[in-house]
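Numbering (mature numbering (1 follows the signal peptide of the UniProt record, and there is no 0)), first residue to last: -16 to -1, 1 to 626. Cβ atoms here follow ideal geometry from the backbone N, Cα and C, with glycine treated the same way.
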């Protein structure tokens, strides 16, 4: 029979004259040792039958399958479940001739491929002109290579069914289905996929109806229910323009979706670019998957009708369904509340801690959001200028009241986090603490129809022990102010007192510096944000400072909050001609900014003689801007009529 040698918990079968390795009962008892250091079957020139291995589940991050290749006649390991091993076979053993009455064919071209293949070795390519030969795949059971269908006139792949496919070139996709303009059905019956590297399939430039709604349905990749091979055997990373989502649904025997834990996005892509839907799989428990790292930050993730789902669907809340959300602690697909009344039933949302996706509240009569008393974390995936937090057309809302909110994360790290509070009650206000929170979260506003709430000295002591000062004049201003409420004016003769602003971090008002002999603005080095909610006058005016050669604020400055993003203006005029030397001639109070988020948060409409259009005495800023727009429009119109 041969012999077994145990050395340091390695399991060897070395130089055995094995004819049949059907001693599964004994081997199964010792296979538990393999995780220690390895499992090797090597150098057995007479070993041709490893049927005892067919039902073994050899999956371990420590298991190296490479040595299974070095046995002369051993190729038929097609039933072994090796997905998830430390390393699968790095290469396919060379083999010629049939194997146990299975016809083995080496792929050269579709024309040369025999009609009766059971096993194909080689990367299969079906190209233009090969359509008539696809029938040759009807009996193929195993493919050792990748599968490519490119630029054909095929309408279906119904004749293609590889129950088993192994791609041992780590750089090759499992499937490439590209440029088949008539292809509407790409369903392929598969029960197992083996790779030695990343597992991915590319679908691109095929018929638009290939995947309904541009979604890739994993459940279409096998016939019947997933009762023999759980999803673990079929995991693929889908990519390409035809494939924007993953749907797993209506599998009555599917109990394991662990394959999704291995999903890895391609470079410059994010899993949030895809739609994920796992639905109506009655014995599928998603709890561990939900808590795993891979899917932890998915935003557009729908799970319903499974044994255990991931969180609750925040985009499917309606007044009659509120009670069903009382046990929810986190939402996927954001939080959408349209046309709600201020009802006690809103308490059903009081346990929500985390929301994955944007918040959108419209046309409701809430007075505040205190019913979200446990809400701490908002995780979004927004590009460009998409809203992360929108409250709009809520005429009774007077306060925000989100006492537990601590974090707002955008999966796109360089994208701005934009909120919109628009058309609320005329008395809607944000507290000083609210503004500090939005500053710390890196939020900008498209519209902020709000006032600064009335405050007392006691209210402000909680703001990081900051000293709050009310601005009356620079002469009366204390020296230790950290936050200032009021419109700050520095005029001729105030130069020495400007040093009182050295420790100021936040300003709730406008800033005007005029007619001084200041050479720079170093006294603003600690200023981090400005809140100015009157869009009829400039946020900043720096005018007639003849010695001012450097108007840059400190590097700590990061945010401007205004009532309207489009009406946030700065007037810079009649200062020293070299005022913009430090920014290479660019009119920007915050230096040369390259970060997209920082640019958005500090964006201003610059005007005045030092930045472009001069403002004459007696002109109002609004009239000047309107005039500029009219001139531009007139000029364009005039040119169009030439």
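Residue i CB to nearest heavy atom of the ligand PLP below 8 Å
| i | result |
| --- | --- |
| residue 270 | Among the components modelled here there is no ligand, and therefore nothing to report on the ligand PLP. |
Limits of the unbroken beta strand (DSSP E) element including residue i
| i | result |
| --- | --- |
| residue 403 | 401 to 408 |
| residue 634 | For the chain, the structure presents residues -16 to 626; residue 634 sits outside this window and is missing. |
| residue 148 | 148 to 151 |
| residue 507 | Residue 507 -> no beta strand (DSSP E), and no H or E assigned at all. |
| residue 467 | 467 to 469 |
| residue 393 | 391 to 394 |
| residue 498 | 495 to 498 |
| residue 100 | No beta strand (DSSP E) contains residue 100, which DSSP labels as neither H nor E. |
| residue 557 | 553 to 557 |
Among the options, nearest to residue i - alpha-carbon criterion
| i | options | result |
| --- | --- | --- |
| residue 553 | 586, 529, 580, 388 | 586 |
| residue 103 | 83, 355, 430 | 83 |
| residue 339 | 353, 325, 318, 348 | 318 |
| residue 333 | 325, 343, 352, 306 | 306 |
| residue 629 | 529, 532, 545, 496 | The requested residue 629 does not occur in the structure, where the chain is confined to residues -16 to 626. |
| residue 324 | 519, 431, 304, 312 | 304 |
| residue 376 | 153, 474, 408 | 408 |
| residue 556 | 568, 522, 541 | 522 |
| residue 599 | 525, 505, 578, 531 | 525 |
| residue 365 | 400, 374, 388 | 400 |
| residue 131 | 179, 550, 99, 236 | 179 |
| residue 166 | 143, 142, 136 | 136 |
| residue 515 | 295, 495, 530, 528 | 495 |
| residue 489 | 479, 466, 503 | 466 |
| residue 628 | 189, 385, 159 | One cannot answer for residue 628 here, as it falls past the ends of the chain, which runs -16 to 626. |
| residue 328 | 341, 322, 310, 320 | 310 |
| residue 519 | 528, 191, 533, 548 | 548 |
| residue 462 | 567, 480, 485, 475 | 485 |
| residue 262 | 459, 533, 289 | 289 |
| residue 503 | 511, 191, 528, 108 | 528 |
| residue 99 | 85, 124, 438 | 124 |
| residue 406 | 415, 92, 374, 387 | 374 |
| residue 437 | 421, 426, 457, 416 | 416 |
Supposed close pair residue i, residue j - CB separation, criterion 8 Å
| i | j | result |
| --- | --- | --- |
| residue 285 | residue 316 | 4 Å |
| residue 371 | residue 350 | That belief does not hold up - the Cβ atoms of residue 371 and residue 350 are roughly 18 Å apart, past 8 Å. |
| residue 270 | residue 241 | 6 Å |
| residue 435 | residue 413 | 4 Å |
| residue 389 | residue 359 | 6 Å |
| residue 264 | residue 233 | 5 Å |
| residue 483 | residue 507 | 5 Å |
| residue 580 | residue 398 | 5 Å |
| residue 336 | residue 356 | 6 Å |
| residue 670 | residue 493 | Within the shown structure, residues of the chain are numbered from -16 to 626, placing residue 670 beyond reach of any answer. |
| residue 538 | residue 562 | Not confirmed; about 20 Å, so no contact. |
| residue 532 | residue 560 | 5 Å |
Buried versus exposed, by CB contacts within 10 Å (16 or more), residue i
| i | result |
| --- | --- |
| residue 392 | buried |
| residue 565 | exposed |
| residue 433 | buried |
| residue 157 | buried |
| residue 267 | exposed |
| residue 570 | exposed |
| residue 149 | buried |
| residue 119 | exposed |
| residue 383 | buried |
| residue 302 | exposed |
| residue 343 | buried |
| residue 291 | exposed |
| residue 112 | exposed |
| residue 287 | buried |
| residue 129 | buried |
| residue 122 | exposed |
| residue 540 | exposed |
| residue 472 | buried |
| residue 536 | buried |
| residue 140 | exposed |
| residue 348 | buried |
| residue 500 | buried |
| residue 431 | buried |
| residue 160 | buried |
| residue 622 | Low local confidence applies: a pLDDT of 31 at residue 622 is under 50, so the model's placement there is unreliable, with the coordinate-based value given in what follows. Counting Cβ neighbours within 10 Å, residue 622 comes out exposed, since fewer than 16 surround it. |
| residue 594 | buried |
Element boundaries [alpha helix (DSSP H), containing residue i]
| i | result |
| --- | --- |
| residue 583 | 580 to 585 |
| residue 119 | First-last for residue 119: undefined, no H or E at that position. |
| residue 424 | 416 to 425 |
Test: residue i CB closer than 9 Å to a CB of chain B
| i | result |
| --- | --- |
| residue 456 | Structure shown: chain B not included; a single protein chain is present. |
query = Could you give the uninterrupted runs of the beta strand (DSSP E) lying entirely in the region 293 to 334, keeping only those of 3 residues or more?
reply = 314 to 316, 319 to 322
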